[in-house]
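Shown next, in structure tokens, is the structure this report addresses.
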Amino acid sequence: MISWLLTPLSYSFMQRGLLASLMVGILCAVVGCYVVLRSMSFLGDALAHAILPGVAIAYLLQGNLVIGALVAAIIVALAIGFFSRQGSIKEDTAIGILFAAALSLGVALISSIKSYAVDLTHILFGNVLGVSTTDLMLIAVLGLIVLLVISLLYKEFLVVTFDPVLAATMRLPVEGLRNLILVLLALTIVVSLQTVGVGLVTAMLVTPSATAYLVTRRLPSMMMASALIGALSSLGGLYISFYLNVASGAAVVLMATFFFLVVFLFAPSRGIVWSVLPGRRHPSGGEAQ
Amino acid sequence: MSPVFSSPCSDEPARLDLIGVTVGYNNRPVLRDITLEIPHGARVAIVGPNGAGKSTLFKALAGLLPLQAGQVLIHNRPIGGHQDCIAYVPQREDVDWRFPVTVADVVMMGRYGRLGWLRRPGRRDHEIVARSLEQMGLKELAHRRIGDLSGGQQQRVFLARALAQEPHILLMDEPFSGVDVSTQEATLLLLDQLRTQGVTTLVSTHDLTLAATRFDRAMLVNRRLIRYGPVDEVFTQQALSETFGQQVFFLNGAVVVDQCCPPEPG
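Below you can see the structure in the form of structure tokens.
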């Protein structure tokens, strides 16, 4: 058993991969709590795809791919806000339009670059085993910044998410704080690109925090539980990927989904199984901690 | 863009001045040209039929709706600053009831305005939260998730939060309609509590008896200000007829207001 756990660690690419997916797993899981609570999963997915043209343009201009991705994500986030604030179309419609447009633009650009076609699958599904030391540093620094902002503005984000009316009477800059959450989300997605890729990052944002939501009653404990589930999914997924030789991003997401299903079915007081079984209904929901 | 949190609410209770205030939605005014002065510590009932613009007025005072014309002054300063120290209890809280917060968490949010950026709640804040919970009879429920409470209990949580805010001005939109007796009593208790602290309170209500017996001043509105002043001067047959039109009639000295109809918009 011990050697089963240690063998992958003897490869330096696995060490870097494990570290990267651990950090990304935790980061996504914490930021994902806001995504789940504000029902922004579709927006998260859209932002992830919006990254594609940014990466392609940065590649064409021979610039930094991460910065290209970040700029694209922020432009799309603010554009979605702009279109839906006009009031003539709903937010999810605006997201749907911009998300498909950005993805198409990305594919069009990438298909024109012949030499780049190989790397497309890496953008779509991640390539955690190709993480370099520079990538690791970047993930660590950006991730720490995001987590630091979340912990410093915990109160403000809580009020803006739970009760915008109170936030307004407290004269908080509600729009500014909401945009800041979007920027943090964009940063998180860019950082996750390398490990799980555009196609699967939404799962890393949504699945661990949705699982945590089922077993906690307060936001801080939801974030902790989510981070734990995100970390376990990342580690478990990577080991599975190593031994069964399957794509790492997919293995991580499947692992997270497995945790979700177990909790959804068997969570104390909220699990589906208990409410179906006669006589096992708990009188008060949400007591689980 | 950020409000200055370093200067807390000033010490004296707030005076509220409205000068030619017009508010409404999308350039359609709901309430026009309201001018009045509310002395500090006053308890004012706002009375009017459905659609008269009571909720709209509250939203404007809470800073949720921009003024179309005129000015609102609190402590002789225009609204919008953190020093306003306003607590607003809407008719129906528009929050996500499935959000992972406990009753104590929600009441603690009332302290955030005074705490300001980057500071965490201290011992005094926890004491004030505990006291507010106790006063609203919620001590036993402090660690329950907000969504697990009954409607009346949820309403009391938001009253406790208003109390924890230590506001200078409290705005309560229809706190007496559609609630159980214990919540109604808790609300009246809260009003008495706040009176001893010199808090200026504005409460909208349909209940003329309550308005006449529990308040110092009353404001009759119906798309405009019809009358404002001490209760016994405001509730005259003529002023009530002007406010409620055909909905009010007088029977052997009793006032009957017939308000069956459509719910107030917004």
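Chains as they are written, first to last, in this note's numbering: chain B, 158 to 446; chain E, 389 to 654.
We put the beta carbon where it would ideally sit given N, CA and C, even for glycine.
Nothing here was measured: the structure is a model prediction, and the numbers come from that model.
An exposed status is given to Pro466(E), since fewer than 16 other beta-carbon atoms sit within 10 Å of its beta-carbon. DSSP places Asp405(E) within a strand segment (E or B) once states are collapsed to three. In the DSSP assignment, Asp561(E) falls outside any alpha helix (DSSP H) and within the unbroken beta strand (DSSP E) covering 557-561.
For Gly458(E), the uninterrupted beta strand (DSSP E) run begins and ends at 457-462, by DSSP. Counting C-beta pairs with one atom in each stretch, the stretch 486-494 of chain E and the stretch 447-454 of chain E have fewer than three that are closer than 8 Å, which means they do not touch. Residues are counted here when their Cβ sits less than 8 Å from a Cβ of chain E; for the stretch 189-219 of chain B these are Leu194, given in chain order. With a 10 Å radius around the Cβ and a threshold of 16 neighbouring Cβ atoms, Thr364(B) comes out buried. A straight line joining the alpha-carbon of Val435(E) with that of Pro210(B) spans about 58 Å. Sixteen is the threshold: when 16 or more other Cβ atoms of the shown chains lie within 10 Å of the Cβ of Phe632(E), as they do, the residue is buried.
Contact between Arg519(E) and Pro509(E) does not hold, since their C-beta atoms are separated by about 14 Å, which reaches or exceeds 8 Å. In this structure, the beta-carbon distance from Leu357(B) to Gly283(B) falls below 8 Å.
When the alpha-carbon of Ile557(E) is set against those of Val418(E), Gly617(E), Arg583(E), Ala600(E), the nearest one is in Arg583(E). For the stretch 365-383 of chain B, the beta-carbon criterion of a distance under 7 Å to any beta-carbon of chain E is satisfied by Tyr370, Thr373, Arg374, Arg375, Leu376, Met379. Inter-residue distance for Val403(B) and Ile397(B) is about 7 Å (C-alpha atoms, whole angstroms). Of the residues assessed, Phe423(B) falls on the exposed side of the cut-off, its CB having fewer than 16 other CB atoms within 10 angstroms.
Around Met524(E), the same chain offers Arg544, Leu547, Ala548, Ala574 as residues with beta carbons nearer than 6 Å, after the five sequence neighbours per side are excluded.
By the C-beta density criterion, Val569(E) is exposed, having fewer than 16 other C-beta atoms within 10 angstroms. Taking the Cβ atoms as the reference, Met496(E) lies roughly 12 Å from Asp320(B), outside the contact range of under 8 Å. Residue pairing by DSSP places Glu425(E) opposite Asp405(E) in a beta bridge. Between Val188(B) and the set Phe415(B), Val409(B), Leu337(B), Arg374(B), the nearest pair of CA atoms involves Leu337(B).
Nearest to Met327(B) by C-alpha distance, out of Cys473(E), Phe603(E), Asn414(E), is Cys473(E). Taking every protein chain shown into account, the CB of Thr359(B) has 16 or more other CB atoms within 10 angstroms, so this residue is buried. Nearest in C-alpha terms to Met379(B), of all of Leu401(B), Leu315(B), Ser349(B), is Leu315(B). Distance from Ala606(E) to Val619(E) at the Cβ level is roughly 5 Å; contact confirmed, criterion being Cβ atoms closer than 8 Å. DSSP places Met158(B) outside both helix and strand once states are collapsed to three, so it counts as coil.
At least 8 Å separates the CB of Asp249(B) from every CB of chain E. Look at Arg615(E) here: in three-state DSSP terms it is strand.
According to the DSSP assignment, Thr588(E) belongs to the beta strand (DSSP E) that extends over 588-593. By alpha-carbon distance to Leu227(B), the top candidate from Ser405(B), Leu341(B), Leu376(B) is Leu341(B). Annotated as distal: Val477(E) and Ala448(E), with beta-carbon spacing of 8 Å or more. For Pro427(E), no chain B residue has a C-beta closer than 7 Å to its own C-beta; the minimum C-beta separation is roughly 22 Å.
At least one beta carbon of chain B lies nearer than 8 Å to the beta carbon of Gly501(E). A residue is called buried when at least 16 other Cβ atoms come within 10 angstroms of its Cβ; Ala257(B) does not meet this threshold and is exposed. Under a 10 Å Cβ-count criterion, Phe446(E) is classified as buried, with 16 or more other Cβ atoms of the shown protein chains found around its own Cβ. Counting along the chain, Leu389(B) sits inside the alpha helix (DSSP H) bounded by residues 376-401. Rounded to whole angstroms, Ala230(B) and His206(B) show a C-alpha spacing of 8 Å.
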